[in-house]
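Q:
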Amino acid sequence: MNSPADNPPPADAKPAAASPVTRAHADFRECQFDSLVGPTHNYAGLAYGNVASQRHRAQTAHPRLAARQGLDKMWQVARMGIPQAVLPPLPRPRLDWLRGLGFHGSDATVIAAAHATAPQFLAAAYSASAMWAANAATVSPSLDTADARVHLTPANLASSLHRSIEADQVAANLRSLFAAPDFHVHDPLPSAVPLTDEGAANHTRLAPDFHSPGLEVFVYGRNALDASQPQPTKFPARQTLQASQAIARRHGLDPARTFFVQQNPAAIDAGVFHNDVISVGHQNLLLVHQDAFVDQPRVLAELQDRFQQLYGQTLNVLQIPTQALSLPDAVASYLFNSQILTTAAGDHVLLCPQDCQTNPAAQAVVAGLLAGDFSRGQRHLAAAHFLDLRQSMNNGGGPACLRLRVLLSRQQRAAVRGRVWLDESLYHDLCQWVERTYPESLTPAVLANPQLALQATAALDELKDILAWPA
Ligand code: SUG
């Protein structure tokens, strides 16, 4: 494990134990890190418990369009004055992994043999599922951690085969970007059934502003060491309490500011495979469905009390009742997977999937949120913007799934390596790259064609130059 002594800060860095006053002047901003959708984006129906992935199985995907939809979201965020960065797709197909499973010979032979005898493994090796950056890692900003570094734990994603093969590559990428002494990128948790971890999709941070230490709220699906606790009966609970606790320990979080909350098993069985499908927190706002958590009235009261004690301010809980939005409508519309962002002008805005316009119940809830209907007439959201993310949504990934939030000071932002901050020129270069190198359409049957592997590898080789990827 790194320690400040092993890895001294740069000469111009502030001391690790900066006083609250020094920290307050460090210009912390919430940065959005979105993964680019990879060139092998397809619908293989790999995610059990994710109803969209099941429903769109074997349909034709459009990788070029998918990548453009993701890029257009990033550019919209960047144009709001919010720091927006890009993470690269992971190299796919993962032939080294297939070789580890006993397939051998040339690349074409490995692909042909996997296609003939284990097509699900071939589909897993090709999956572009790393596009959902909310599952890349859990992040605790330096304001919250004992050693005043930013801590990142890449998710082991051990609940599903196709996602478990992201962890080591994501860890390597995060180590390349966050190599400075300001950061501590941990190993993923061990890949064991009691320690399954899905990253920031099950983690929310609440604070009155970007400069205060926050409350870190970990939402888990099951207690892996106590079978008497409630559990879903139909679909898997992907995050364990033990994984969340281990992350809080290794990040050096203050127990008085750390909460462990259990997801409602009925919500998981209705298709809420991650907590970010049913709640989203941002600064002093918590938008949450009535059926999100076990013992929800107690949980919300505790969060509100602690927030009031620590900050002398109200935590604004926008709780959406089941009669306004049923669980199936929450899952169909992905309303709670909207991003809440603070604009440069200081307003809170909602970035929603277009499905919130087409689903009548969700549309009414968004209108109600803007009117202050769920907060006794107080308006906490200034505007809602609707995005076409259909390609990602078909696999169960909305706006918030596509981004990892990383709260960084000015100095920490400057320490991120590579050309990853999205500006007009990078947006332009990435759009051209996608146009030039991505397949227009893809069905799972095409995964058997070794040409696709060559095309995907060539695309990622070019990207390294565009992003000035740190070796
Ligand atoms: O893990 N879908 C992803 C969607 C993840 C969404 N992320 C958040 N909620 N943060 C999943 O279920 C589908 C892949 C396929 O079916 O081919 C998939 O993995």
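All the letters of the sequence shown, read from the start, carry residue numbers 505 to 975 under the working numbering. Each residue gets a CB set at the ideal place from its N, CA and C atoms; glycine is no exception.
(1) Assuming F739 contacts Y552 (C-beta within less than 8 Å), just tell me the rounded distance between them.
(2) Have a look at A618 and G606 and give me their C-alpha separation to the nearest angstrom.
(3) Where does Q563 sit, in a helix, a strand or coil, going by DSSP?
(4) Can you list, in chain order, the residues of its chain whose CB lies under 7 Å from that of M897, leaving out five sequence neighbours each side?
(5) State yes or no: is the C-beta of C905 nearer than 7 Å to some heavy atom of the ligand SUG?
(6) So is E464 buried or exposed if we call it buried at 16+ other beta carbons inside 10 Å?
(7) Flag Y724 as yes when its Cβ comes closer than 7 Å to any non-hydrogen atom of the ligand SUG, and as no otherwise.
(8) Kindly list the residues whose CB is nearer than 6 Å to the CB of Y630, restricted to its own chain and excluding five residues on each side of it in sequence; keep chain order.
(9) With a threshold of 16 other CB atoms inside 10 Å of the CB of H932, please say whether the residue is buried or exposed.
(10) Which residues in the same chain have their Cβ closer than 8 Å to the Cβ of G922, if we skip the five residues on either side of it in sequence?
(11) Need the endpoints of the beta strand (DSSP E) that G775 sits in, please.
(12) My understanding is that T657 touches L757, with C-beta atoms under 8 Å, so please give their C-beta distance in whole angstroms.
(13) Sorry if obvious, but does the Cβ on F777 come closer than 7 Å to a heavy atom of the ligand SUG?
(14) Would you decide whether P593 is buried or exposed? Buried here means 16 or more other CB atoms lie within 10 Å of its CB.
(15) Just to confirm before moving on: does the CB-CB distance between I844 and L854 stay below 8 Å?
(16) Given a cut-off of 8 Å on the beta-carbon distance, is the pair S945 and H715 in contact?
(17) Provide the residue span of the beta strand (DSSP E) that contains E939, from first to last.
(18) Please go through the same chain and pick out, in chain order, the residues whose beta-carbon is closer than 8 Å to the beta-carbon of L626, but skip the five residues on each side of it.
(19) Rounded to a whole number of angstroms, what is the C-alpha to C-alpha distance between P698 and S664?
(20) Kindly indicate which three-state DSSP category H690 falls into: helix, strand or coil?
(21) If we ignore side chains and look at the alpha-carbon of each, how far apart do D799 and L575 end up?
(22) Please report the straight-line C-alpha distance between A509 and V920, rounded to a whole angstrom.
A: Let me spell this out:
(1) 7 Å
(2) 10 Å
(3) coil
(4) A556, Y838, P857 and D859
(5) yes
(6) The first residue shown for the chain is 505 and the last is 975, placing residue 464 beyond what the model contains.
(7) no
(8) A distance below 6 Å between beta-carbons, with the five flanking residues on each side excluded, links Y630 to the following residues of its chain, in chain order: T544, R596, P597 and L951.
(9) exposed
(10) Hits under 8 Å: S680, L681, L971, A972, W973 and P974.
(11) No beta strand (DSSP E) holds G775; DSSP gives it neither H nor E.
(12) Not really, about 12 Å apart at Cβ, beyond 8 Å.
(13) yes
(14) buried
(15) yes
(16) H715 sits away from S945, with the two beta carbons spaced by 8 Å or more.
(17) Taken as a continuous stretch (DSSP letters only), E939 belongs to no beta strand (DSSP E), being part of the alpha helix (DSSP H) at E928 to T941.
(18) P597, L602, I615, A618, H619, L951 and A952
(19) 14 Å
(20) Taken through DSSP and simplified to helix, strand or coil, H690 comes out as coil.
(21) One C-alpha to the other measures close to 39 Å.
(22) Residue placement at A509 is flagged as unreliable, the pLDDT there being 29, under the threshold of 50; the coordinate-derived value follows with that caveat. The straight-line gap from Cα to Cα measures roughly 21 Å.
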